[in-house]
Structure formats: C-alpha cells, structure tokens
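This report refers to the structure that appears directly beneath it.
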Amino acid sequence: MKNRADNTDMKSPHIPVLLDEVLCCFETMPAKGVFIDCTLGYGGHSKAILSKFADIELIGIDQDPEAISFSQRALADFGDRFKSVYGRFSDVLPQILNQYTVCGILADFGVSSLQLDKRDRGFSFHSNRLDMRMGPHSKLSAYDVVNRYSLQELERIFREYAEERAYKKVARAIVAARDEKPIESGKELADILGRVLYKRGKMDPATTLFQAIRMEVNDELGEIKRLLDTLEKRPPAGAVVGLITFHSLEDRIVKQRFRKWSSSCICPPGVFRCECGDDHAIGDVLNRKPLTATEEERRRNPRSRSAKLRCFHFKDTEGRDG
Ligand SMILES: C[S@@+](CC[C@H](N)C(=O)[O-])C[C@H]1O[C@@H](n2cnc3c(N)ncnc32)[C@H](O)[C@@H]1O
Numbered sequence: 002m003k004n005r006a007d008n009t010d011m012k013s014p015h016i017p018v019l020l021d022e023v024l025c026c027f028e029t030m031p032a033k034g035v036f037i038d039c040t041l042g043y044g045g046h047s048k049a050i051l052s053k054f055a056d057i058e059l060i061g062i063d064q065d066p067e068a069i070s071f072s073q074r075a076l077a078d079f080g081d082r083f084k085s086v087y088g089r090f091s092d093v094l095p096q097i098l099n100q101y102t103v104c105g106i107l108a109d110f111g112v113s114s115l116q117l118d119k120r121d122r123g124f125s126f127h128s129n130r131l132d133m134r135m136g137p138h139s140k141l142s143a144y145d146v147v148n149r150y151s152l153q154e155l156e157r158i159f160r161e162y163a164e165e166r167a168y169k170k171v172a173r174a175i176v177a178a179r180d181e182k183p184i185e186s187g188k189e190l191a192d193i194l195g196r197v198l199y200k201r202g203k204m205d206p207a208t209t210l211f212q213a214i215r216m217e218v219n220d221e222l223g224e225i226k227r228l229l230d231t232l233e234k235r236p237p238a239g240a241v242v243g244l245i246t247f248h249s250l251e252d253r254i255v256k257q258r259f260r261k262w263s264s265s266c267i268c269p270p271g272v273f274r275c276e277c278g279d280d281h282a283i284g285d286v287l288n289r290k291p292l293t294a295t296e297e298e299r300r301r302n303p304r305s306r307s308a309k310l311r312c313f314h315f316k317d318t319e320g321r322d323g
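For reference, each letter of the sequence shown is one residue, going 2 to 323 in this note's numbering.
If you want it as structure tokens, here you go:
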C-alpha cells in the first residue's frame, strides 16, 4: 500500500466521461449508505463521488486486476470509506445488495482507455495478439472467436453487434484467411478486414467489427441484462442508479428496462380497462432523454462522443418519496 504523498500525483490512464453529469445525477440519492461503482476502472468517477458525498462509503467492482490495484492506490486517502472487490459485477452485486443499505449504483460500461491502448491486452488494430478479455480469468478470448467460431456465428456477431451491412463478406474473409493459417494478432485481423471493407467517413470501418468481437468475448450485453435483472429482483430502496452506455444496443436495453420500471400499469396492450391495480412502478426515470457530453468534453475526450447517461430513482419503501 502506498503512503498518502504517493497518491496525489498518480496520473490516471483513463479520463472519466460525463463526470459533472454523473455527480448531478446522484444529488438526489440518500446522504448516507453504500455506493456501488460496478465498473471501478481507474477510479475517476469513484474519487469524485467520494469527494462530493462526504457521508457515503463506496465499494468499487472490477474484473480487471490491473484496474483494481491502480484504484486501491489512487483512492487510499479515503481510508475505510473505500473498498474494492475483484470480479464480474453480475456475480458480485447480488451479495452486496443483500449485505448493505445501498444509496447509489453507477456503471460505466465498456472498456477503459488503458485496456484499449495497451498492446499486450490485444484489443486494438496494432496489437500483436488477439485477446480482448477484460478479466484474465475469462475463458473466451478474441483469438477463440476469430479462429474457432463457425461462419454463421461470425455473421451473427457482425450483423447484431456491429450492424455491418457486409457481415457475410467479412465473416467469409475471416474464414478464408484462417484456413491458410490461424489469425494471431490485431494487426493481421485489421489487414484482412481492411481488404474487404470500404472506408466510410473518418472512422476506420474495422472499428465496429473489433468492438463486436470484444462485446462477444466479454458478453457485454449479457452483463448489462443481468445487472438490470438483479436490480429488478431486489430494488434498493431510495437508491439512485446511473448507467453510462457507449453503444445503441446497450442504451436500448437500459432505456426499455427503466421504462418498464417506471410503468404503473402492466396490463397487456389493448386491454379495455386496467386490471393490474395500476401500482407497479418501482421508481422514476430521472431524465427522459439520455445525458450526453458537451462540445467541450467531446473535444477534450473523444471517447465521450458516444456516451449516454440514464438515471433512475428507486422508490423509498418507507414512503418518503416516489
Ligand atoms: C469504462 S471503464 C470504467 C472507468 C471508470 N469509470 C473510471 O472513471 O476510471 C470500465 C471498467 O469496467 C470494467 N468492467 C467492464 N465490464 C465489467 C463487468 N461485467 N464486471 C466487472 N468489471 C467490468 C472494465 O474492466 C473496466 O475497467
């Protein structure tokens, strides 16, 4: 453990997105309790939350040991107010919800800049490996997806996650290349994709395909659904939840679930008269439209361009609100 003086100049490899918006979203949460940061990363959001809300404690979860050990040092000044837990949030969250009075929950989905930029993590076009696992204990890697998935499975991920029109052509090119020899690196994969895709606009056309493989490797949509299922089964009374997404499929999942949670009537569409009792809402959506980055933040941190924050306030069961 480093001493206090060591922490002050620790430079984070990741800029937290929508920081002001996140702090604003949690202004209405109870002043005391345990805050859960499901995607601790390099502790940028957690640090700001611990600084702004002086009476809360915070538990940060991450499946990447590099992120956990960085944040343990970066947040050491908060002493016992901060704890970190290594693991997938879908595995860890249910137990924390059972154990503590939770006041707020944040998740900033996706990967950190360090994971993307470090070549040996195998996420980027320039990597000399193909890995993309956020947690080293996950069984599936990008190498497995690219070299072992069937043609149909590759087509599915490029169609569903990348919404790529040429998904068949791309999947066929991968299968043809790996028939010659296994595809070992991000560079080789980027070359194969570069030969079959046309450049549209400024973005490299392979970007969304790499992202699709990453989403498959880490079961990113499945993780979001499981997080929402956990909260639905056991809504934390009075707590505020803020979820930051970077992909339209992620945002749709969050938007639809928040809409369901705020619906008082759950009768099937088309019924003549409400028969469900009309009291099923478990809280309120705090912002109908997602919060997005300002022009200034987009310039300063291009990663913020696709970020969307949606916030939800669970009813307090003692009737103090909702
Ligand atoms: C976008 S970064 C979070 C950055 C963080 N908010 C900050 O300010 O530094 C996402 C982090 O969440 C972690 N992560 C993503 N999915 C996860 C999951 N299902 N369970 C646990 N950690 C996850 C990643 O390893 C990564 O460190």
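Note that the Cβ used here is the ideal one computed from N, Cα and C, for glycine as well.
Cβ of residue i within 7 Å of any heavy atom in ligand 1?
{"i": "ALA105", "result": "It is worth fixing the name first, because residue 105 is Gly in this sequence and not Ala. Result no, Cβ not under 7 Å from ligand 1."}
{"i": "MET133", "result": "no"}
{"i": "ALA68", "result": "yes"}
{"i": "ASP56", "result": "no"}
{"i": "ILE62", "result": "yes"}
{"i": "GLN96", "result": "no"}
{"i": "THR40", "result": "yes"}
{"i": "HIS138", "result": "no"}
{"i": "ASP230", "result": "no"}
{"i": "TYR144", "result": "no"}
{"i": "GLY45", "result": "yes"}
{"i": "GLY34", "result": "no"}
{"i": "ARG89", "result": "yes"}
{"i": "VAL242", "result": "no"}
{"i": "VAL112", "result": "yes"}
{"i": "GLN73", "result": "no"}
{"i": "PRO17", "result": "yes"}
{"i": "GLU251", "result": "no"}
{"i": "GLN116", "result": "yes"}
{"i": "GLU224", "result": "yes"}
{"i": "ASP109", "result": "yes"}
{"i": "ASP21", "result": "no"}
{"i": "ASP65", "result": "yes"}
According to DSSP, residue i sits in a beta bridge with which residue or residues?
{"i": "LYS84", "result": "ILE60"}
{"i": "HIS314", "result": "VAL241, ASP285"}
{"i": "ALA108", "result": "LEU244"}
{"i": "ASP38", "result": "GLY61, LEU107"}
{"i": "LYS12", "result": "DSSP output for LYS12 lists no bridge partner at all."}
{"i": "LYS309", "result": "THR246"}
{"i": "LEU292", "result": "LEU310"}
Rounding to the nearest angstrom, what Cα-Cα distance links residue i and residue j in this structure?
{"i": "LYS261", "j": "HIS127", "result": "42 Å"}
{"i": "TYR199", "j": "PRO206", "result": "7 Å"}
{"i": "ASP330", "j": "GLU251", "result": "Residue 330 lies beyond the residue range present for the chain, which begins at 2 and ends at 323; the question has no answer from this structure."}
{"i": "ALA174", "j": "GLY223", "result": "28 Å"}
{"i": "ASP63", "j": "ASP92", "result": "11 Å"}
{"i": "SER186", "j": "ASN99", "result": "43 Å"}
{"i": "ILE16", "j": "SER72", "result": "13 Å"}
{"i": "ARG289", "j": "LYS309", "result": "12 Å"}
{"i": "ARG120", "j": "ASN129", "result": "7 Å"}
{"i": "LYS256", "j": "VAL18", "result": "19 Å"}
{"i": "LEU107", "j": "THR318", "result": "21 Å"}
{"i": "ILE214", "j": "PHE159", "result": "8 Å"}
{"i": "ALA282", "j": "ALA32", "result": "23 Å"}
{"i": "LYS169", "j": "SER125", "result": "22 Å"}
{"i": "ARG311", "j": "VAL176", "result": "39 Å"}
{"i": "GLU296", "j": "SER305", "result": "10 Å"}
Would residue i pass as an interface residue toward chain B - the criterion being a Cβ-Cβ separation below 8 Å?
{"i": "GLY42", "result": "Among the chains in the structure shown there is no chain B, since it carries only a single protein chain."}
- prompt: Does the segment 105-120 come close enough to the segment 42-56 to have 3 or more Cβ pairs within less than 8 Å?
  reply: Flag = yes, the segment 105-120 and the segment 42-56 touch.
query: Three or more beta-carbon pairs under 8 Å between the segment 100-109 and the segment 236-244, yes or no?
result: These segments touch.
- request: Specify whether the segment 211-227 and the segment 73-86 touch according to this definition: at least 3 beta carbon pairs, one from each stretch, less than 8 Å apart.
  value: Verdict: no, contact absent.
message: Does the contact criterion of 3 or more C-beta pairs under 8 Å hold for the segment 129-139 versus the segment 54-61?
response: With the cut-off at 8 Å, the segment 129-139 and the segment 54-61 do not touch.
message: Check whether the segment 24-32 and the segment 44-54 touch, using three or more Cβ-Cβ pairs below 8 Å as the test.
response: Yes, the segment 24-32 is in contact with the segment 44-54.
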